[in-house]
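Engineer: Quick mapping for you: the protein sequence lines, in order, are chains C and Y. Reminder that position 7 of the first sequence reads as 365 in our numbering, one-by-one numbering, no gaps. Reminder that position 58 of the second sequence reads as 416 in our numbering, one-by-one numbering, no gaps. Built from N, CA and C at the ideal position, the CB exists for glycine as well. Attaching a single structure in structure tokens format; questions to follow.
There are 2 protein chains.
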Amino acid sequence: MNDELATRRKELRARCRGIQWHGTPDAGAELTRVAAWCAEHEVQQDVYGEGELIEGFEAKVAALFGMEAGRFLPSGTMGQGIAMRVWCGPGGHFGMHPTSHLELHEERGYSHLFGLRATLVGPARRVMFADDLAKVSEPLGALLIELPTRENGGQLPTWEQLVELCGLAHERGIKVHLDGARIWEAQAAYERPFEELAPLFDSVYVSFYKGIGALSGAMLLGPRDFLGEAKLWQRRMGGNLYTLLPNVASAASRFDARLPRFKAYRERALTLAAALSAVPGVHLIPDPPHVNMMHVALDLSPADAVLARDRVAEATGLWLFGAARPLDLSGQSLFELHVGDAAMDVADEEIAAAFGALFGRN
Amino acid sequence: MNDELATRRKELRARCRGIQWHGTPDAGAELTRVAAWCAEHEVQQDVYGEGELIEGFEAKVAALFGMEAGRFLPSGTMGQGIAMRVWCGPGGHFGMHPTSHLELHEERGYSHLFGLRATLVGPARRVMFADDLAKVSEPLGALLIELPTRENGGQLPTWEQLVELCGLAHERGIKVHLDGARIWEAQAAYERPFEELAPLFDSVYVSFYKGIGALSGAMLLGPRDFLGEAKLWQRRMGGNLYTLLPNVASAASRFDARLPRFKAYRERALTLAAALSAVPGVHLIPDPPHVNMMHVALDLSPADAVLARDRVAEATGLWLFGAARPLDLSGQSLFELHVGDAAMDVADEEIAAAFGALFGRN
């Protein structure tokens, strides 16, 4: 892409309303908000993970999930690698879905850093079931379950399927860890309190920069002993920062206001999905969506999809998606759609009409 | 310590002027400053380490040191573990001073995470010399040299000793890495441009939250290939955050103004040290100091030192140090003294008198 086109796109993007998440993240604006919040609440900075704000927030999120304790960490990649290492021990072996973040996006740190081995459980296109775990004939130290499974469009097992899977794992003496990068989204779909998750999982990772909309940050939740050992690994990985104040304050100050909104995001995702699935050339994965995210496949090549997006943006003032990637070898393109604050102000019909216009039918 | 005493101490501390560093770090106030700076400069946030501000700052610091490239990282612990792993390869072997941060303060991540082995080179009480390296009869993949050596009071080898050490390492095919946690302090003592360091070192780590006074943050500098591999490890360790904006903006916005001051800090440290070493019961390590930091030993037990500190704070309004630890089995106590902005407004005589008062001689 030449520079001129990139500049024109950036200007076009800036003029348009987005429909994804809570709008384009703006960490600079977030800093201004967080600084004012810290001043208003006379927040003292944490030093190497110790301080009233960080420890209070850890206790609060742990209590929400019915877990003994929590530990705020710079990233989920750090937290989940640590969780697998602590549960499995040296040279251990764990199971995960083939599309897990640990398998696809972390340069296999679980192996290179921690010397762990992994078995991929179940097929990529759907969530993991108890039957998939039953087919694993080796002992596993831990099983990592992502709810929802992002890479196949945010799919969730039913509550009963989840209970069965976790039950089988526990019967076999396997520790069960929840990859809760989007657990706020999943909980709104299950419509059960977070604390009902506690008996299903031995440990939980949650994220604050995605659905919650804060700066970078994550938390690991679990038993005190588990987190005591986790802290050693956090130190070894260079995750025990002099202060995490910007990250903790951003997450803690957004948490209470954002959490109750996920129910509305999900309801809105369902009505929007119904409108979109009626548009010829648009296909949803899954259809209907399980949470407030879904994959959208278009009967357009990725290159054509991006050109159409720009044309529709010029015509309607709506910016529908960022990059589009190939769905498979079919020539279709794919992108993720996350329903958050940004879409709440735009009518389903307006968004569906804009998607229709991608195919030149406006 | 009971809660009441802790509260009284906190209030006393808040009423006093400190003499360490640049005063008590206040990340909340720093956030306010950084937010305004970002708004003024219309800074766009970096996303997973890509963005104009972060890449520009990396290029700037790399150029300062005559290195090909730089990579901003959440912490030095992360950066230095990575540097050793990249230079040494799997199962590799490196050398370091017995008081190195990697040996004392990182839960031996170099071994547990990276599977590396280490040889401790030279004695703890002084810096490492070429003769110490000459005694290592095994091949080493890398040698880590900290300038100044914090744990023995901020000692520096002479420039000639340093050149000899690095030269011997290179003769033996050993990659030389600079632990530059306090390189701003060291450079002010050597009075040589940073770029003269480039031929001595294959890679460099620098820190921004200590002498520079920014929020948490570090940078790894070196050849492009080295940093390309380092990025893989950064990802594996969970150090590739969604955004590092608060940290990068804090460092980048403080850097130019702070850097030229280290010369004055060092000059001031020398006059202050001369005044302090004349106080009976006060001993400096080293004496005179090599940089703008030193260790101060008191002829008081740690418990008595802390009580005396509080008494002197009440009487003089000066807060001389934080915790005091046992020097050894002699019954003396020890703390670090860092000369920065905080001490610049208080006369040597006033500080020396306050130290004298620790022994009840005021």
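#1: Per DSSP, what kind of secondary structure is residue 336 of chain Y in: helix, strand or coil?
#2: Between which two residues does the beta strand (DSSP E) holding residue 490 of chain Y run?
#3: Which residues in the same chain as residue 467 of chain Y place their Cβ atom closer than 8 Å to its Cβ, once the five residues preceding and following it in sequence are excluded?
#4: What in chain C is Cβ-close to residue 393 of chain Y, meaning under 9 Å?
#5: Would you call the segment 504-511 of chain Y and the segment 482-496 of chain Y touching, i.e. three or more CB-CB distances under 8 Å?
#6: Anyone know if the C-beta pair for residue 528 of chain C and residue 534 of chain C falls short of 8 Å?
#7: For chain C, find out if any of its Cβ atoms is closer than 8 Å to the Cβ of residue 615 of chain Y; answer yes or no.
#8: Could you spell out the range, first to last residue, of the beta strand (DSSP E) harbouring residue 476 of chain C?
#9: Can you find the residues in the same chain that come closer than 8 Å, C-beta to C-beta, to residue 618 of chain Y, ignoring five residues on each side of it along the sequence?
#10: Let me know the secondary structure DSSP gives residue 691 of chain C once reduced to three states.
#11: Going along chain C in order, which residues have a C-beta closer than 9 Å to the C-beta of residue 378 of chain Y?
#12: For the beta strand (DSSP E) that contains residue 595 of chain C, what are its first and last residues?
#13: So, is residue 496 of chain Y buried or exposed, given that buried needs 16 or more other C-beta atoms within 10 angstroms?
#14: Strictly below 7 Å CB to CB, what residues from chain Y border residue 401 of chain C?
#15: Could you tell me which chain C residues have their CB closer than 7 Å to the CB of residue 594 of chain Y, listed as they occur along the chain?
#16: Between which two residues does the beta strand (DSSP E) carrying residue 452 of chain C extend?
#17: Which residues, taken in chain order from the segment 430-442 of chain Y, show a beta carbon closer than 9 Å to some beta carbon of chain C?
#18: For the segment 552-579 of chain C, enumerate the residues whose C-beta is nearer than 8 Å to any C-beta of chain Y, in chain order.
#19: Going along chain Y in order, which residues have a C-beta closer than 7 Å to the C-beta of residue 397 of chain C?
#20: What does the alpha-carbon distance come out to for the pair residue 703 of chain Y and residue 668 of chain Y?
#21: Relative to the alpha-carbon of residue 504 of chain Y, which residue among Y:685, Y:623 and Y:515 has its alpha-carbon at the smallest distance?
#22: Please report the distance separating the alpha-carbon of residue 698 of chain Y from that of residue 378 of chain Y.
#23: Over the uninterrupted beta strand (DSSP E) stretch that includes residue 577 of chain C, give me the two end residues.
#24: Since residue 649 of chain C contacts residue 547 of chain C with CB under 8 Å, what's their CB separation in whole angstroms?
#25: Tell me, to the nearest whole angstrom, how far the beta carbon of residue 712 of chain Y is from that of residue 665 of chain Y; I am working on the premise that it is less than 8 Å.
#26: For the alpha helix (DSSP H) holding residue 623 of chain C, just list the boundary residues, first then last.
#27: Show which residues of chain Y have a CB atom less than 7 Å away from the CB atom of residue 599 of chain C.
#28: Quick check: residue 517 of chain C and residue 550 of chain C, are their CB atoms within less than 8 Å of each other?
#29: Have a look at residue 487 of chain C and residue 444 of chain C and give me their C-alpha separation to the nearest angstrom.
#30: Would residue 567 of chain Y be called buried (16 or more neighbouring beta carbons within 10 Å of its own) or exposed?
#31: Between the beta-carbon of residue 654 of chain Y and the beta-carbon of residue 716 of chain Y, is there less than 8 Å?
#32: Can you tell me which of the three DSSP states residue 430 of chain Y falls into?
#33: List, in order along the chain, the chain Y residues whose C-beta lies closer than 9 Å to that of residue 474 of chain C?
#34: Run through chain Y and tell me which residues come within less than 8 Å of residue 604 of chain C, C-beta to C-beta.
#35: Residue 569 of chain C and residue 543 of chain C: beta carbons closer than 8 Å?
#36: Verify whether the separation of the beta carbon atoms of residue 389 of chain Y and residue 386 of chain C is less than 8 Å.
Structural biologist: Taking the coordinates as given:
#1: With chain Y running from 359 to 720 in the structure shown, residue 336 of chain Y is simply not present.
#2: In the DSSP assignment, residue 490 of chain Y falls outside any beta strand (DSSP E) and lies within the alpha helix (DSSP H) extending over 488-492.
#3: 435, 439 and 460
#4: 386, 387, 388, 389, 390, 391, 392, 393 and 394
#5: Yes, the segment 504-511 of chain Y touches the segment 482-496 of chain Y.
#6: Going by C-beta atoms, residue 528 of chain C is nearer than 8 Å to residue 534 of chain C.
#7: The beta carbon of residue 615 of chain Y sits no closer than 8 Å to any beta carbon of chain C.
#8: 475-478
#9: none
#10: strand
#11: Within chain C, no residue comes near residue 378 of chain Y; the closest Cβ sits about 14 Å away, beyond 9 Å.
#12: Membership of residue 595 of chain C in any beta strand (DSSP E) is not indicated, and neither H nor E is assigned to it by DSSP.
#13: exposed
#14: Contacts between residue 401 of chain C and chain Y, judged by CB atoms closer than 7 Å, involve 386 in chain order.
#15: 464, 465, 467, 470 and 471
#16: 451-454
#17: 431, 432, 433, 434, 435, 436, 437, 438, 439 and 440
#18: Result list: 567, 573 and 574.
#19: 386 and 390
#20: 21 Å
#21: Y:515
#22: About 7 Å.
#23: 576-580
#24: 5 Å
#25: Not a contact, Cβ separation roughly 15 Å.
#26: 620-635
#27: 432, 433 and 574
#28: Yes, the Cβ-Cβ distance between residue 517 of chain C and residue 550 of chain C is below 8 Å.
#29: 24 Å
#30: buried
#31: no
#32: Residue 430 of chain Y falls in the strand class under three-state DSSP.
#33: The contacting residues do not exist; residue 474 of chain C stays about 12 Å from chain Y at best.
#34: 385, 389, 573, 604 and 605
#35: Remark: C-beta atoms of residue 569 of chain C and residue 543 of chain C approach each other more closely than 8 Å.
#36: Remark: C-beta atoms of residue 389 of chain Y and residue 386 of chain C do not approach each other more closely than 8 Å.
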